[in-house]
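J.: Residue numbers for the sequence shown follow my numbering, so the first one is 6 and each next one is one higher.
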Amino acid sequence: MRRKYNPVGRTEFMSELVSDKIYYYGGYKNESGRFNDFFYIDLTRQFSDSSPSYQFIKNLDARCGASTVSYMNIIYVFGGGIDVPDTNLILIQPLSADPVITYVQDTISTPSSRKWHTSVIDNMNKKMYVWGGVGAGMSYKNRSFIQVDGNMYIFDIAQSVWTSNPTSNKPNGRYLHTATLIPDGRIIMIGGALSSDVGQLDVYDTKTNQWTNITATKNGYIPSIIHHSANLLPDNQIISPTGNAPSIMSSGHKATLYIDVIIFAFGEYDPNNTRYLMSPAIRILNISNGQYRWIDSYIPHSIANQTQNPSTQTSQTSNSNIIIIIGIVIGGIIGLGILVLLGYIIYLLRKRNFPMESSHEVR
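Structure (structure tokens):
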């Protein structure tokens, strides 16, 4: 039986959009341990940023720092700090009255236990791509000793088989970065530790299984970003607001794109540059009509407004450039309000000829 829920602040949690609901799972609370709650917010209902209508589902095994993708209404959760050994991959079917949880036993080909990595899903080829991260037992305090795996791991959903792709030109790896699959089959890695310069982009081509490093041209000063978010917008822009950059008050949140709004949830902030605090806040960014503005209330669209023209969308995908927008969100906390500065710096990444400071090309 669902019930109204008031989750506390957290970071390193998991979130995934399935149907018209954003599902949240687990996360890091503090040195005392991890969360195990599983809950959602219904996007068919109106809510305000000060009083989101979370619904509790059930408690699962405690987990934090994992990655998630969704395919055919199933959430694939990989890695993270976990309570159940040798079960790095779990499948959650959230739409059931009592969600079904499937534990996939590790095999010799399963990637090593890790956290702070990324996963993306190629729906057309039914494959999940896992990259980066650190050992699941590592902590941020000993990050200077962390070894990062630069191999790309691929999970074939149809066959339920793991493979790895240790190419000779693989990058060193990253953690607390973002990975975004763009329409032409490339995965763009942005920011993160060990390569937090947003001008340095590691790009993996899922069609050729090859890596390319791109030095994107910067327009002005852009700080390093770590523990941020990235969303591919309908007009083929990648927007990456906030992160653990200088003067940033919030990081480690999750950002979910739904039609023409991005919903930011939870995260952590350091109001006095002394100690990070966990935030229970939710923020709503309206991106309709090419305008970016914060709103305090979410109102669902009609079904007619949710319908998109597939042919128009395909045309835009094939002819558009990919633009990365790095925004900086400076936030206060609940009682103090939010001061927002979105400095959108545009990188023009052409499909076959990125403007860049080096002579590399993505093919």
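Note that the Cβ used here is the ideal one computed from N, Cα and C, for glycine as well.
Quick caveat, the model's predicted, so the values are computed rather than measured.
(1) My guess is that Thr73 and Ser124 are in contact by the Cβ rule of under 8 Å, so how many angstroms apart are they, rounded?
(2) Applying the 10 Å Cβ sphere with the 16-neighbour rule, what's the burial state of Met283?
(3) Give the secondary structure of Asn294 by DSSP, where H, G and I count as helix, E and B as strand, and everything else as coil.
(4) Which of helix, strand or coil does DSSP assign to Lys9?
(5) Closest to Tyr29 by C-alpha separation, out of Ser75, Arg50, Gly140, would be which residue?
(6) Output yes or no for whether 8 Å exceeds the beta carbon distance between Thr183 and Ala102.
(7) In or out: Asp161 buried (at least 16 other Cβ within 10 Å) or exposed?
(8) Between the beta-carbon of Pro180 and the beta-carbon of Trp121, is there less than 8 Å?
(9) Since Glu36 is in the beta strand (DSSP E), which residue starts that stretch and which ends it?
(10) For Ile95, which residues from the same chain have a beta carbon less than 7 Å from its beta carbon, with the 5 sequence-adjacent residues on both sides left out?
(11) Using 8 Å for Cβ pairs, my map puts Ala270 next to Ser20. What's the rounded Cβ distance?
(12) Once the 5 residues before and after Leu22 are set aside, which same chain residues still bring their CB inside 6 Å of it?
(13) Just the C-alpha distance for Tyr58 and Thr172, rounded to the nearest angstrom, thanks.
(14) Can you tell me the Cβ-Cβ gap for Leu237 and Ile289, rounded? I've got them flagged as a contact below 8 Å.
(15) Hey, Asn218 and Pro176: beta-carbon distance below 8 Å or not?
(16) With 16 as the cutoff for other CB atoms within 10 Å, does Ser117 come out buried or exposed?
(17) Would you check if the distance between the CB atom of Gly196 and the CB atom of Ile244 is smaller than 8 Å?
(18) On the CB-based measure, 16 or more other CB atoms within 10 Å of its CB, does Gly142 come out buried or exposed?
(19) Quick one: using the 10 Å Cβ neighbour count with 16 as the cut-off for buried, is Lys212 buried or exposed?
(20) Start and end of the beta strand (DSSP E) containing Ile62?
(21) Assign Met77 to buried or exposed, taking buried as 16 or more other Cβ atoms, counted over all protein chains shown, within 10 Å of its Cβ.
(22) Could you give the residue range of the beta strand (DSSP E) that holds Tyr158?
(23) Leaving aside the five residues before and after Arg191 along the sequence, list all residues of the same chain whose C-beta is less than 6 Å from its C-beta, in chain order.
(24) Have a look at Ile304, Val139, Tyr45 and flag the residue whose alpha-carbon is nearest the alpha-carbon of Arg7.
(25) So, at 6 Å on beta carbons, what are the nonlocal neighbours of Lys26 in its own chain, with the 5 sequence-adjacent residues on each side left out?
(26) Should Asn93 and Gly86 be called a contact, given that it needs their Cβ atoms to be closer than 8 Å?
(27) Out of Lys9, Gly14, Asp240, which one is the CA nearest neighbour of Ser258?
T.: Based on what the coordinates show:
(1) 7 Å
(2) buried
(3) helix
(4) strand
(5) Ser75
(6) no
(7) exposed
(8) According to the sequence as given, residue 180 is Tyr; it is not Pro. Result yes, Cβ atoms of Tyr180 and Trp121 sit closer than 8 Å.
(9) Neither: Glu36 is in no beta strand (DSSP E) and is coded neither H nor E.
(10) Val82, Ile106, Thr107, Tyr108, Val109
(11) 7 Å
(12) Thr261
(13) Note that residue 58 corresponds to Ser in the displayed sequence, not to Tyr. Ser58 and Thr172: Cα-Cα distance of roughly 46 Å.
(14) Leu237 to Ile289, Cβ: 19 Å. No contact.
(15) yes
(16) exposed
(17) no
(18) exposed
(19) exposed
(20) 59-64
(21) exposed
(22) 157-161
(23) Val208, Asp210
(24) Tyr45
(25) Tyr45, Asp47
(26) no
(27) Sequence inspection shows His at residue 258; the Ser mentioned does not correspond to that position. It is Gly14 whose Cα lies nearest to the Cα of His258.
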